[in-house]
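Visitor:
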Amino acid sequence: MNRRLTFLTAKALAVGTLVLVACASVAWGEIDAELLKRAKAGDAHAQYNLGMMYDRGEGVAEDDAEAVKWYRKAAEQGHEKAQSNLGVMYDNGEGVAEDDAEAVKWYRKAAEQGHAKAQYNLGVMYAKGDGVAEDDAEAVKWYRKAAEQGHAKA
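If you're matching positions, the sequence shown starts at 1226 in my numbering and goes up one per residue.
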């Protein structure tokens, strides 16, 4: 009796899992189409999310150039997370040619809006003199701002 109950429970869980996966796939496709529609219409948050999807290869094939394209659209509208991520792309040469000055530009825009990761990254750029003149005081200033928001590395 216990073996039969265990078997039926396992079977029910397996079927339930398959149903959830199938539903999630359908919902994901709908969300993806709606997200693309909003991004193309100029919604900065949707553009940022689409950039993240391409950056991470979530729901789409990973494509750094497409990630940069969508991050830029959102960043130019003032989306701080997109600005920070665009800075990372320039910093690492992902989807664009490596360009420290351009990375600093985007980190600064996000940092000035209070984005902790961008504040930390801007501090790193000042500490190393990448894209800006080396300036320990300026590095400490940005590290401190990031630390005040709980950034772990700052």
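Glycine included, C-beta positions come from ideal geometry on N, C-alpha and C.
Taking C-alpha atoms, which residue in 1267, 1317, 1265 lies nearest to residue 1289?
Guide: Per the Cα distances, 1317.
Visitor: For the alpha helix (DSSP H) that contains residue 1342, what are its first and last residues?
Guide: Unbroken alpha helix (DSSP H) run through residue 1342: 1341-1353.
Visitor: Just verifying my parser: in three-state terms, what is the DSSP assignment at residue 1374?
Guide: Coil at residue 1374, not helix or strand.
Visitor: For the region 1334-1342 against the region 1318-1325, do three or more pairs of beta-carbon atoms, one drawn from each stretch, fall closer than 8 Å, so that the two count as touching?
Guide: Judged by Cβ distances under 8 Å, the region 1334-1342 makes no contact with the region 1318-1325, as fewer than three pairs qualify.
Visitor: Of the choices 1345, 1355, 1365, 1297, whose alpha-carbon is the least far from that of residue 1377?
Guide: When each option's Cα is compared against that of residue 1377, the closest is 1345.
Visitor: Three-state secondary structure (DSSP) at residue 1272?
Guide: The answer is helix: DSSP assigns residue 1272 an H, G or I state.
Visitor: Among residues of its own chain, excluding the 5 on either side of residue 1278, which ones have a beta-carbon nearer than 7 Å to its beta-carbon?
Guide: Contacts found: 1284, 1285.
Visitor: With a CB to CB cut of under 7 Å and the five nearest residues on each side skipped, what residues in its chain are close to residue 1268?
Guide: Counting only Cβ-Cβ distances below 7 Å, and skipping sequence neighbours, we find nothing.
Visitor: Can residue 1341 and residue 1371 be called in contact, C-beta distance under 8 Å?
Guide: Yes, the Cβ-Cβ distance between residue 1341 and residue 1371 is below 8 Å.
Visitor: For residue 1305, does the count of other Cβ atoms within 10 angstroms reach 16, so buried, or fall short, so exposed?
Guide: Buried: at least 16 other Cβ atoms inside 10 Å.
Visitor: With burial defined as no fewer than 16 other Cβ atoms inside 10 Å of the residue's Cβ, what is the status of residue 1258: buried or exposed?
Guide: Residue 1258 comes out exposed.
Visitor: Thinking residue 1348 and residue 1367 are a contact (beta carbons under 8 Å), I'd like their distance in whole angstroms, please.
Guide: Contact holds; Cβ gap of about 4 Å.
Visitor: Using three-state DSSP, classify residue 1363 as helix, strand or coil.
Guide: Three-state DSSP puts residue 1363 in a helix.
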